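The next block holds one structure in the form of structure tokens; read it before the comments.
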Amino acid sequence: MNARTSACAPSHGVDWHGTNWSQATKQVRRLQARIVKATQEGRWGKVNSLQHLLTHSYSGKVLAVQRVTSNQGKNTPGVDGATWSSPADKAQAVLSLRRRGYQPQPLKRVYIPKKNGKKRPLGIPTMKDRAMQALFKLALEPVAETTADPNSYGFRPERSTADAAAACFTVLAGARMAEWILEADIKGCFDNIGHNWLIANIPMDKAILKKWLKAGFMDKGTLFPTEAGTPQGGIISPILANMALDGLEKLLRKDIQRNKDSGKKVNMVRYADDFIITGTSKELLENEVKPLVEIFLAERGLTLSLEKTKITHIRDGFNFLGWNMRKYGKQGKYLQKPAKDNVGAFRSKVAGIIKENKTAKQENLIALLNPVIRGWGNYHQHSVAKETYASMDHALWERLWQWAKRRHPNKGSKWIKDKYFQSKGSRNWVFTCKDENGKEWTLHTLSDTKIVRHVKIKGEVNPFDPKWETYREDRLAKHMALSLKGRNKLLRHWKEQNGNCTRCGEKITRETGWHLHHIIRTADGGPDTHRNRVLLHQNCHNQVHSRKLEVVTTGFRKES
Numbered sequence: 001m002n003a004r005t006s007a008c009a010p011s012h013g014v015d016w017h018g019t020n021w022s023q024a025t026k027q028v029r030r031l032q033a034r035i036v037k038a039t040q041e042g043r044w045g046k047v048n049s050l051q052h053l054l055t056h057s058y059s060g061k062v063l064a065v066q067r068v069t070s071n072q073g074k075n076t077p078g079v080d081g082a083t084w085s086s087p088a089d090k091a092q093a094v095l096s097l098r099r100r101g102y103q104p105q106p107l108k109r110v111y112i113p114k115k116n117g118k119k120r121p122l123g124i125p126t127m128k129d130r131a132m133q134a135l136f137k138l139a140l141e142p143v144a145e146t147t148a149d150p151n152s153y154g155f156r157p158e159r160s161t162a163d164a165a166a167a168c169f170t171v172l173a174g175a176r177m178a179e180w181i182l183e184a185d186i187k188g189c190f191d192n193i194g195h196n197w198l199i200a201n202i203p204m205d206k207a208i209l210k211k212w213l214k215a216g217f218m219d220k221g222t223l224f225p226t227e228a229g230t231p232q233g234g235i236i237s238p239i240l241a242n243m244a245l246d247g248l249e250k251l252l253r254k255d256i257q258r259n260k261d262s263g264k265k266v267n268m269v270r271y272a273d274d275f276i277i278t279g280t281s282k283e284l285l286e287n288e289v290k291p292l293v294e295i296f297l298a299e300r301g302l303t304l305s306l307e308k309t310k311i312t313h314i315r316d317g318f319n320f321l322g323w324n325m326r327k328y329g330k331q332g333k334y335l336q337k338p339a340k341d342n343v344g345a346f347r348s349k350v351a352g353i354i355k356e357n358k359t360a361k362q363e364n365l366i367a368l369l370n371p372v373i374r375g376w377g378n379y380h381q382h383s384v385a386k387e388t389y390a391s392m393d394h395a396l397w398e399r400l401w402q403w404a405k406r407r408h409p410n411k412g413s414k415w416i417k418d419k420y421f422q423s424k425g426s427r428n429w430v431f432t433c434k435d436e437n438g439k440e441w442t443l444h445t446l447s448d449t450k451i452v453r454h455v456k457i458k459g460e461v462n463p464f465d466p467k468w469e470t471y472r473e474d475r476l477a478k479h480m481a482l483s484l485k486g487r488n489k490l491l492r493h494w495k496e497q498n499g500n501c502t503r504c505g506e507k508i509t510r511e512t513g514w515h516l517h518h519i520i521r522t523a524d525g526g527p528d529t530h531r532n533r534v535l536l537h538q539n540c541h542n543q544v545h546s547r548k549l550e551v552v553t554t555g556f557r558k559e560s
């Protein structure tokens with residue numbers, strides 16, 4: 001099927017569970033690769049026509065609906081109260097994604113609590129507006145990735161905070177590296193980016209973009225206009241913010257380092273609107289770099305926060321993305337450790353869970369704590385965190401001991417220990433139990449998390465450029481294997497399937513997610529054994545059950 005054919009929706013309507021997800025994905029990828037090539041060649045008219053083709057294609061529309069109906073916010077409605085929960089809703093949604101006559105609705109304003117006790121406003125678009133943004137994101141993101149600053153890591157595909165931290169190591173760890181850091185804080189970046197700049201500079205359908213920017217929000221029944229900022233809660237907002245800040249890294253290198261003999265050298269590491277700039281002296285950062293940054297931001301309607309922006313020496317250390325980066329001792333050894341405020345937030349979170357579940361069954365408490373412990377441990381596993389892990393494990397043990405003692409005020413310590421804590425291998429005091437079905441539940445400890453060195457993604461990698469396919473697949477495979485470490489059942493399936501979904505043949509990654517499917521249903525007597533299980537994408541799993549498809553472990557697509 002050629003690109004022209006793929007631009008047409010089926011005349012007979014949409015069978016949601018009949019969607020060929022592999023074919024839709026391949027068609028969109030082909031168009032995205034062509035957008036990358038046209039962008040690299042500076043053929044902006046061609047970029048525009050290819051974007052038009054993608055945003056009007058059936059494949060693009062079905063993938064946009066699939067995205068917004070399978071993410072965490074899928075059950076949260078906007079001002080119209082609508083959610084697309086059934087296959088019929090999703091099928092109708094695909095047909096509703098038309099540019100002609102499209103008018104986005106205001107965002108629904110809600111307030112969520114912050115760590116400091118205050119509340120942060122959040123905008124929730126309608127499902128249709130989310131899907132339209134997801135559709136146009138498919139066409140804009142290839143351009144954004146092709147023109148992005150190489151050391152930008154936030155809200156970009158296949159990049160992470162770990163990459164940003166590794167970039168910090170690259171520009172700060174060496175003995176002859178710059179020792180001064182400008183810690184920049186943009187005042188309300190997402191809320192204050194100028195609409196005029198966005199409309200003039202973002203290479204996408206200007207009429208659609210303007211409608212999103214001017215949609216406003218509803219708060220307690222009152223409509224408020226939006227005069228600045230990106231659409232709150234919008235899928236496309238992080239890309240708009242990234243594109244507004246792209247170019248700063250190149251500008252700094254061009255202006256500050258134009259004279260190679262001057263000895264002036266700066267490096268920038270950015271994660272969304274949070275960034276640092278390193279320099280050889282405090283004066284360079286204060287007198288040359290900071291004014292240049294302020295001019296760049298002012299053109300976009302942005303300013304630095306005078307209170308939070310500061311210049312720091314590496315020996316004093318600085319906090320960035322939940323870590324503290326600092327050089328220690330006479331040799332100036334560079335260490336990245338979990339930041340104190342991040343450790344404190346984790347301690348408060350687990351303490352809150354334990355406090356809120358005073359009367360819960362032990363297995364239920366373990367089920368609530370394990371994802372939090374594992375998630376925080378995995379986040380810091382690329383840093384110098386061994387001592388912090390041990391300290392937090394002890395603090396958690398103390399909380400759990402108090403939790404157990406309160407439940408049995410008339411029992412002695414030995415009785416409580418025997419009931420809630422066991423010895424496992426070389427470890428004592430393991431918080432573990434068996435539920436009424438005999439399933440064992442054991443609390444994960446941070447000390448179980450292996451410290452692993454993270455290899456930074458190459459700055460020039462573009463996930464939409466086919467030339468990086470082999471590099472990306474190798475990197476994704478290593479990350480997936482690390483994600484599934486300790487989950488041997490899933491890891492074995494993933495390796496045997498070569499990292500592919502056995503239904504559609506596409507890659508299973510952390511981003512796509514996965515479901516474990518029983519080939520013969522357990523309800524029909526199928527055993528919960530390795531031979532009776534495969535890994536599928538969520539949508540493919542739904543498709544298998546709704547259409548009663550047979551899945552085999554050695555190939556793709558077998559219909560019963």
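Under UniProt numbering, the first residue of the sequence shown is numbered 1, with each subsequent residue one higher.
Ideal Cβ positions, reconstructed from N, Cα and C, are used throughout, including at glycine.
Quick caveat: nothing in here was measured; it's all calculated off a predicted structure.
Where does the unbroken alpha helix (DSSP H) through residue i begin, and where does it stop?
i, result
"Gln-133", "127-147"
"Gly-123", "That residue, Gly-123, is in no alpha helix (DSSP H); its beta strand (DSSP E) goes 119-124."
"Ser-423", "Element bounds for Ser-423: not the alpha helix (DSSP H) but the beta strand (DSSP E), 421-424."
"His-382", "Per DSSP, His-382 belongs to no alpha helix (DSSP H) and is neither H nor E."
"Phe-155", "Unbroken run through Phe-155: none, as it is neither H nor E."
"Asn-196", "195-201"
Where DSSP assigns a beta bridge to residue i, which residues make up the other side?
i, result
"Ile-181", "Thr-278, Thr-312"
"His-518", "Arg-533"
"Val-28", "None, per the DSSP bridge assignment."
"Ile-112", "Arg-120"
"Asn-324", "Asn-319, Lys-337"
"Tyr-471", "Beta-bridge pairing links Tyr-471 to no other residue."
"Asp-219", "Thr-222"
Using the C-alpha atoms, what's the distance from residue j back to residue i?
i, j, result
"Lys-355", "Asp-316", "36 Å"
"Met-177", "Leu-491", "40 Å"
"Leu-549", "Lys-434", "36 Å"
"Cys-8", "Gly-174", "Any reading at Cys-8 must be qualified, since the residue scores a pLDDT of 46, below 50, and its modelled position is unreliable; the value itself is stated next. Approximately 56 Å between the Cα atoms of the pair."
"Phe-556", "Leu-536", "Note on Phe-556: pLDDT 40, under 50, position unreliable in the model; the coordinate value appears next. Distance between the alpha carbons of Phe-556 and Leu-536 is about 11 Å."
"Leu-302", "Glu-294", "8 Å"
"Ala-186", "Asn-488", "Rather than Ala, the amino acid found at residue 186 in this sequence is Ile. Each residue's alpha carbon lies about 44 Å from the other."
"Asp-149", "Glu-141", "14 Å"
"Ala-167", "Arg-156", "15 Å"
"Asn-192", "Ser-305", "13 Å"
"Trp-494", "Leu-292", "49 Å"
"residue 585", "Thr-529", "Outside the displayed range of the chain (1 to 560) lies residue 585, so it cannot be described from this structure."
"Lys-414", "Asn-364", "23 Å"
"Pro-231", "Lys-61", "21 Å"
"Ser-383", "Ala-165", "9 Å"
"Ser-6", "Ser-96", "For Ser-6, the predicted model reports a pLDDT of 43, less than 50, meaning its position is unreliable and no value from the coordinates is stated."
On a CA-only basis, which of the options is nearest residue i? Give me that one, please.
i, options, result
"Ser-237", "Ala-82, Lys-137, Val-455, Ser-70", "Lys-137"
"Ser-281", "Lys-250, Leu-292, Arg-270, His-313", "His-313"
"Leu-31", "Ser-59, Ser-22, Asp-15", "Ser-59"
"Ala-184", "Met-268, Ala-200, Asn-151", "Met-268"
"Val-47", "Ser-57, Arg-34, Asn-242, Ala-481", "Arg-34"
"Asp-205", "Arg-29, Leu-50, Val-455, Trp-429", "Leu-50"
"Gln-362", "Tyr-328, Ala-64, Ala-404, Ala-385", "Ala-404"
"Trp-441", "Ser-447, Asn-342, Thr-432, Thr-449", "Thr-432"
"Tyr-102", "Trp-16, Ala-207, Gly-216", "Ala-207"
"Phe-190", "Asn-357, Met-243, Leu-223", "Met-243"
"Ala-38", "Glu-145, Tyr-271, Glu-158", "Glu-145"
"Leu-252", "Tyr-271, Phe-296, Thr-226, Ala-477", "Phe-296"
Can you tell me whether residue i is helix, strand or coil according to DSSP?
i, result
"Cys-501", "coil"
"Leu-369", "helix"
"Glu-440", "strand"
"Pro-338", "strand"
"Phe-190", "helix"
"Leu-484", "coil"
"Met-1", "Any answer about Met-1 is weak, because its pLDDT of 39 lies below 50 and its placement is not dependable; what the coordinates show is given next. Residue state, collapsed to three classes: coil."
"Thr-19", "coil"
"Phe-464", "coil"
"Ala-404", "helix"
"Lys-507", "strand"
"Asp-393", "helix"
"Glu-227", "coil"
"Glu-550", "strand"
Provide the residue span of the beta strand (DSSP E) that contains residue i, from first to last.
i, result
"Val-430", "427-434"
"Asp-163", "Where Asp-163 is concerned, there is no enclosing beta strand (DSSP E), although the alpha helix (DSSP H) it sits in stretches over 161-172."
"Arg-270", "266-271"
"Leu-223", "222-224"
"Met-204", "From DSSP, Met-204 is part of no beta strand (DSSP E); its letter is neither H nor E."
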